[in-house]
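Visitor:
Number of protein chains: 2
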Amino acid sequence: MPGVSSTWTGNSLQVPALALSAFAVLAGSAAAQDGCAEATGVPAHHMLPANSDTVHWGYFSKGVEPAVFANSGDLITIETLTHHANDDAERMIAGDPGAESVFAWDADGKGVDRRGAGPTDASALGRGSGEGFGVHILTGPVFVCGAEPGDVLEVRILDLRPRPSANPDFAGRTFGSNAAAWWGFHYNDLIEEPAQREVITIYELDATGGLNWAKAAYSYVWTPQTDPYGVVHETIDYPGVPVDHSTVEKKEGVLEGVRVPIRPHFGTMGVAPVEADFVDSIPPGYFGGNIDNWRIGRGGTMYYPVAVEGALLSAGDPHAAQGDSELAGTAIETSMTGVIQVVLHKASDLEGTIVEGLDFPLLETEDEWVVHGFSYANYLEELGEAAQSDIYSKSSIDAAMRDAFRKMRSFLMTAKGLTEDEAVSLMSVGTDFGVTQVVDGNWGVHGVVQKSMFAD
Amino acid sequence: MPGVSSTWTGNSLQVPALALSAFAVLAGSAAAQDGCAEATGVPAHHMLPANSDTVHWGYFSKGVEPAVFANSGDLITIETLTHHANDDAERMIAGDPGAESVFAWDADGKGVDRRGAGPTDASALGRGSGEGFGVHILTGPVFVCGAEPGDVLEVRILDLRPRPSANPDFAGRTFGSNAAAWWGFHYNDLIEEPAQREVITIYELDATGGLNWAKAAYSYVWTPQTDPYGVVHETIDYPGVPVDHSTVEKKEGVLEGVRVPIRPHFGTMGVAPVEADFVDSIPPGYFGGNIDNWRIGRGGTMYYPVAVEGALLSAGDPHAAQGDSELAGTAIETSMTGVIQVVLHKASDLEGTIVEGLDFPLLETEDEWVVHGFSYANYLEELGEAAQSDIYSKSSIDAAMRDAFRKMRSFLMTAKGLTEDEAVSLMSVGTDFGVTQVVDGNWGVHGVVQKSMFAD
Chain L
-12 MPGVSSTWTG
-2 NSLQVPALAL
8 SAFAVLAGSA
18 AAQDGCAEAT
28 GVPAHHMLPA
38 NSDTVHWGYF
48 SKGVEPAVFA
58 NSGDLITIET
68 LTHHANDDAE
78 RMIAGDPGAE
88 SVFAWDADGK
98 GVDRRGAGPT
108 DASALGRGSG
118 EGFGVHILTG
128 PVFVCGAEPG
138 DVLEVRILDL
148 RPRPSANPDF
158 AGRTFGSNAA
168 AWWGFHYNDL
178 IEEPAQREVI
188 TIYELDATGG
198 LNWAKAAYSY
208 VWTPQTDPYG
218 VVHETIDYPG
228 VPVDHSTVEK
238 KEGVLEGVRV
248 PIRPHFGTMG
258 VAPVEADFVD
268 SIPPGYFGGN
278 IDNWRIGRGG
288 TMYYPVAVEG
298 ALLSAGDPHA
308 AQGDSELAGT
318 AIETSMTGVI
328 QVVLHKASDL
338 EGTIVEGLDF
348 PLLETEDEWV
358 VHGFSYANYL
368 EELGEAAQSD
378 IYSKSSIDAA
388 MRDAFRKMRS
398 FLMTAKGLTE
408 DEAVSLMSVG
418 TDFGVTQVVD
428 GNWGVHGVVQ
438 KSMFAD
Chain A
-12 MPGVSSTWTG
-2 NSLQVPALAL
8 SAFAVLAGSA
18 AAQDGCAEAT
28 GVPAHHMLPA
38 NSDTVHWGYF
48 SKGVEPAVFA
58 NSGDLITIET
68 LTHHANDDAE
78 RMIAGDPGAE
88 SVFAWDADGK
98 GVDRRGAGPT
108 DASALGRGSG
118 EGFGVHILTG
128 PVFVCGAEPG
138 DVLEVRILDL
148 RPRPSANPDF
158 AGRTFGSNAA
168 AWWGFHYNDL
178 IEEPAQREVI
188 TIYELDATGG
198 LNWAKAAYSY
208 VWTPQTDPYG
218 VVHETIDYPG
228 VPVDHSTVEK
238 KEGVLEGVRV
248 PIRPHFGTMG
258 VAPVEADFVD
268 SIPPGYFGGN
278 IDNWRIGRGG
288 TMYYPVAVEG
298 ALLSAGDPHA
308 AQGDSELAGT
318 AIETSMTGVI
328 QVVLHKASDL
338 EGTIVEGLDF
348 PLLETEDEWV
358 VHGFSYANYL
368 EELGEAAQSD
378 IYSKSSIDAA
388 MRDAFRKMRS
398 FLMTAKGLTE
408 DEAVSLMSVG
418 TDFGVTQVVD
428 GNWGVHGVVQ
438 KSMFAD
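Chains L and A supply the protein sequences, listed in that same order. The numbering of the first sequence is the numbering used here, which starts it at -12 and goes up by one. The numbering of the second sequence is the numbering used here, which starts it at -12 and goes up by one.
Written as structure tokens, this is what we have:
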């Protein structure tokens, strides 16, 4: 893993034997496959904790060494951390060895140096290594043994629960941060002064799952924060900058009496794209990634087209709750732990199945199928060399709706065997299109198909 | 009412005394108010059938004479007809005196001549009177006694049921038409040949309400249809053109086994705008109109800002089912009968209520508040003289999302007393934005607020 300062190696004690062994594997496909155990027919259960050795921060990459090797059918307990934990370190980091190892940062080094797909010498903007071109802490990747380009990876989310605060002062409680940030849809359209302001609202939820709602704890307006390297962050422009609470004014009693329904989900989960070595974690695409659809939660199943050997599945950006559109830029960003099961569908077995020809991330829930459209279905390919910066100037719900329409048609014709005319009529009278997000560069529209419409 | 040929006056027998009396009222506000009965404190129940004397076709207008006068609190049983009934006249018109009077059309005249807000001499395109610039058969208007600009009209939809087929061959059944039409989002993006085609799919549903789903009966591709005046309609370009079924090829067995969930609603309901004398019924706006949100159904309550004296509420475009986006251009277009209650909120009483300052159509359901954003909040005012044509070249979900954001903020701050920062955070983590429609010129995005989030 990149940039682990010797300061923090003590945290490698957190890494169980299986994950550590992953790091002994050399790059290169033959060597990578060597990490695979022989399939026994009995699913193995892997533990994948989140710490500075098992996360990559702000990017997907086909070059990241696997954190775990899994055969089709294996289960993985996967810890994920919110990259907003430093908005209130007392509540979301303190006393939590995994989180502390990831967020560790002093004048001598960082637990995880590279944060984003940008230059590691911060030569572009001076923000820091990786420049924050991509922000999500991603746990993994999971190398799925036998997975090759053209296959489809099914990922079942069997469980997903908030990570309790490790601070004894907050026992039994969990917290999350909502940042109404400069990349939000609202930012240049505010009516109160100052007209451009970033607001952090800390939410609290029940760590035991006994309550199905979150409430706001307090809020503060972002003030310039100086990171341990001395860089001043006027806005929220680099992930994991510790917020000095002596510099902000906390507002209590916000959203009094308001209960936000809990919708635990992975904001970001996906396989490694093939198009570039380091891919900004913010814009979603055919490989999944930062889809930010709150339906990708417990009981949900994702299907991804595999683009590189081993698929290299990573997950992070856990959300306790989010609305369709994620309007202000973030959800209730809350660390969570999931149990997932990976099931590999080989290219040769896809014909006649619902995922034949699948070239986008498809969600299945108990009651629904959900297709994901984006402003660009595959912006990495469509926008050429400058794709990773250009995508941010090409955000469009109109274009995402166009893409969602095409994917819905494709799904109904492939998975349900409809003619084009049948598909078009049905999607007009019986399927729903919603705004997934308007804050991730490659904006999203999802299309929802109710399973109950079909007799078979 | 415009253009009622003497051929069809026999149908005036369908009009009950109360509605007929409305037509004796002269235009002009003093005279209009004269149609109002003294409020007794006991709600009156008015019957408003749909026939050639009680509908206006394809436009809202402050100049249409009231079909009924209602005091605040009165109930109205209102029949509404789908303008697509002539796609299968045997199933949707035959034997139904009200529908026959409206759709009547032979070489000598039409039951309702003007169809649309265009020129009545068809001088623009030669399609026919009104040119089909606006297509919905609207029943009404209801003159709400005492309503003035600045007031808010609440309309409760107490009931809404499909109109049974009057043809004995189809007893107990109801039918609707879905047109995948040239104005659909899919039209220039088809993969099968012919690349541009319009497809009518006739759906069947249970008229008794015993089944909560519709099924497709058959479909056909639109062929050029010659109307009784001899005008050939290459595409679906004028409402109510009788389809000669000997010229189309019916395809049976379409969407076999598929059950479309029933969502009965008014596609179009609204008050008369003040900005123009004849307003195309297709683009929705601040006055409501063709919102095409399937949530505007039984149990729903709409709030409209009143723009002209008497409010002049009309309803039509009934839908048995529709998905969010209405992608192909129409829903399952099915004649239906509703029971509505009108409640007037005077401008002087609005302060401190949820509808203070309301300048858009707001929906309340049992569990939700729904704000309606459009590409242009008030296109009639914003786009100037050519607004009614220009709006079709300015359709944008992006713009509608912008408008929906602002309305959601306004609602949360006004109705729920939140600060702007609270509203922005809550809408990101707890409210949902969806694509209402992408086919009505002034495209729509709706924002949904769950009532259960609020303790009071």
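A virtual CB, placed ideally from N, CA and C, is assigned to each residue, including glycine.
At the 8 Å Cβ level, is residue 210 of chain A part of the contact set with chain L, yes or no?
Guide: Output row for residue 210 of chain A: interface = no.
Visitor: The beta strand (DSSP E) spanning residue 273 of chain L covers which residue range?
Guide: From DSSP, residue 273 of chain L is part of no beta strand (DSSP E); its letter is neither H nor E.
Visitor: Starting from residue 283 of chain L, find everything on chain A with Cβ-Cβ shorter than 7 Å and list it in chain order.
Guide: Under the 7 Å cutoff, chain A gives no residues; its nearest Cβ is about 15 Å from residue 283 of chain L.
Visitor: Helix, strand or coil: which one does DSSP assign to residue 174 of chain A?
Guide: DSSP places residue 174 of chain A in coil when its eight states are reduced to three.
Visitor: Going by the DSSP bridge assignment, what does residue 305 of chain L pair with across the sheet?
Guide: Answer is L/253.
Visitor: Among L/267, L/433, L/404, which has the Cα closest to the Cα of residue 124 of chain L?
Guide: The residue with the shortest Cα to Cα distance from residue 124 of chain L is L/267.
Visitor: Let's see if you can read the secondary structure: which residues bound the alpha helix (DSSP H) around residue 77 of chain L?
Guide: Where residue 77 of chain L is concerned, the enclosing alpha helix (DSSP H) stretches over 76 to 79.
Visitor: Is it buried or exposed, residue 198 of chain L, if we count other Cβ atoms within 10 angstroms and call 16 or more buried?
Guide: It counts as exposed.
Visitor: Using a cut-off of 9 Å between C-beta atoms, extract the partners of residue 192 of chain L located in chain A.
Guide: Near residue 192 of chain L there are no residues of chain A at all, since even the closest Cβ is about 11 Å away, more than 9 Å.
Visitor: Restricting to runs no shorter than 3 residues, where is the beta strand (DSSP E) found entirely within the stretch 295 to 343 of chain A?
Guide: Taking only runs of at least 3 residues, the beta strand (DSSP E) segments lying wholly in the stretch 295 to 343 of chain A are 300 to 308, 323 to 332.
Visitor: Listed from N- to C-terminal order along the chain, which residues in the stretch 152 to 170 of chain A have their beta-carbon within a distance smaller than 8 Å of any beta-carbon of chain L?
Guide: Within the stretch 152 to 170 of chain A, the residues whose Cβ lies closer than 8 Å to some Cβ of chain L are 165, 167, listed in chain order.
Visitor: Report, in whole angstroms, the separation of the C-beta atoms of residue 217 of chain L and residue 92 of chain L, which I expect to be a contact under 8 Å.
Guide: That belief does not hold up - the Cβ atoms of residue 217 of chain L and residue 92 of chain L are roughly 12 Å apart, past 8 Å.
Visitor: DSSP three-state call for residue 164 of chain L: helix, strand or coil?
Guide: Three-state result, residue 164 of chain L: strand.
Visitor: If residue 140 of chain L and residue 432 of chain L are in contact, beta carbons under 8 Å, what's the gap, nearest whole angstrom?
Guide: Actually they do not touch by this definition, with Cβ atoms about 23 Å apart.
Visitor: With a threshold of 6 Å on Cβ separation, who are the neighbours of residue 78 of chain L within its own chain once the five nearest residues in sequence on each side are excluded?
Guide: These residues qualify, in order along the chain: 152, 157, 162.
Visitor: Secondary structure at residue 213 of chain A, three-state DSSP: helix, strand or coil?
Guide: In this structure, residue 213 of chain A counts as strand in the three-state DSSP scheme.
Visitor: Taking C-beta pairs closer than 8 Å, name the residues in chain A that residue 136 of chain L reaches, listed in chain order.
Guide: The contacting residues do not exist; residue 136 of chain L stays about 25 Å from chain A at best.
Visitor: Counting Cβ pairs closer than 8 Å, one from the stretch 106 to 123 of chain A and one from the stretch 284 to 293 of chain A, do we hit at least three?
Guide: No, the stretch 106 to 123 of chain A does not touch the stretch 284 to 293 of chain A.
Visitor: Is it a yes or a no for the stretch 341 to 355 of chain A touching the stretch 401 to 418 of chain A, going by three-plus beta-carbon pairs under 8 Å?
Guide: Short answer: they touch.
Visitor: Rounded to a whole number of angstroms, what is the C-alpha to C-alpha distance between residue 74 of chain L and residue 260 of chain L?
Guide: Their Cα atoms are separated by approximately 30 Å.
Visitor: Taking the alpha carbon of residue 32 of chain A as the point to measure from, which residue in A/47, A/249, A/56 has its own alpha carbon closest?
Guide: If we check each option's Cα against that of residue 32 of chain A, A/56 comes out closest.
Visitor: Report the residue ranges of all beta strand (DSSP E) runs contained in full by the stretch 120 to 166 of chain A; include only those spanning at least 3 residues, in chain order.
Guide: Here the runs fully enclosed are 124 to 131, 139 to 149.
Visitor: With a cut-off of 8 Å on the beta carbons, I'd call residue 104 of chain L and residue 86 of chain L a contact; round off their distance for me.
Guide: Actually they do not touch by this definition, with Cβ atoms about 23 Å apart.
Visitor: Decide if residue 278 of chain L is buried, meaning its Cβ has at least 16 other Cβ atoms within 10 Å, or exposed.
Guide: That one is buried.
Visitor: Is there contact here, the stretch 234 to 253 of chain L with the stretch 201 to 212 of chain L, by at least three beta-carbon pairs under 8 Å?
Guide: Touching, yes, given that three or more Cβ pairs across the two stretches are closer than 8 Å.
Visitor: Can at least three beta-carbon pairs, one atom from the stretch 387 to 394 of chain A and one from the stretch 234 to 241 of chain A, be found at a separation below 8 Å?
Guide: No, the stretch 387 to 394 of chain A does not touch the stretch 234 to 241 of chain A.
Visitor: Look at the alpha carbon of residue 70 of chain L and the alpha carbon of residue 281 of chain A, and state the distance between them as a whole number of angstroms.
Guide: Cα to Cα, residue 70 of chain L sits roughly 38 Å from residue 281 of chain A.
Visitor: Is residue 217 of chain A close to chain L, meaning its C-beta is less than 8 Å from at least one C-beta of that chain?
Guide: So, not an interface residue.
Visitor: Find out if the Cβ-Cβ distance for the pair residue 254 of chain A, residue 274 of chain A is shorter than 8 Å.
Guide: No, the Cβ-Cβ distance between residue 254 of chain A and residue 274 of chain A is not below 8 Å.
Visitor: Counting contacts by CB-CB distance shorter than 8 Å, is residue 414 of chain A in contact with chain L?
Guide: It does: the Cβ of residue 414 of chain A has a partner Cβ on chain L nearer than 8 Å.
Visitor: Tell me the residue span of the beta strand (DSSP E) that contains residue 57 of chain L.
Guide: Residue 57 of chain L -> beta strand (DSSP E) spans 55 to 57.
Visitor: DSSP puts residue 292 of chain A in a beta bridge; with which residues?
Guide: A/139.
Visitor: Comparing alpha-carbon positions, which option in L/415, L/298, L/359 lies nearest residue 331 of chain L?
Guide: The shortest Cα separation from residue 331 of chain L among L/415, L/298, L/359 belongs to L/298.
Visitor: With the cut-off set at 8 Å, would you say residue 421 of chain A and residue 421 of chain L are in Cβ contact?
Guide: Yes, they are a contact pair.
Visitor: Could you give the residue range of the alpha helix (DSSP H) that holds residue 400 of chain A?
Guide: Segment 384 to 402, the alpha helix (DSSP H) holding residue 400 of chain A.
Visitor: For residue 385 of chain A, is the beta carbon positioned less than 7 Å from some heavy atom of the ligand COA?
Guide: In the structure shown, the ligand COA is absent, as is every other ligand, since no ligand is present at all.
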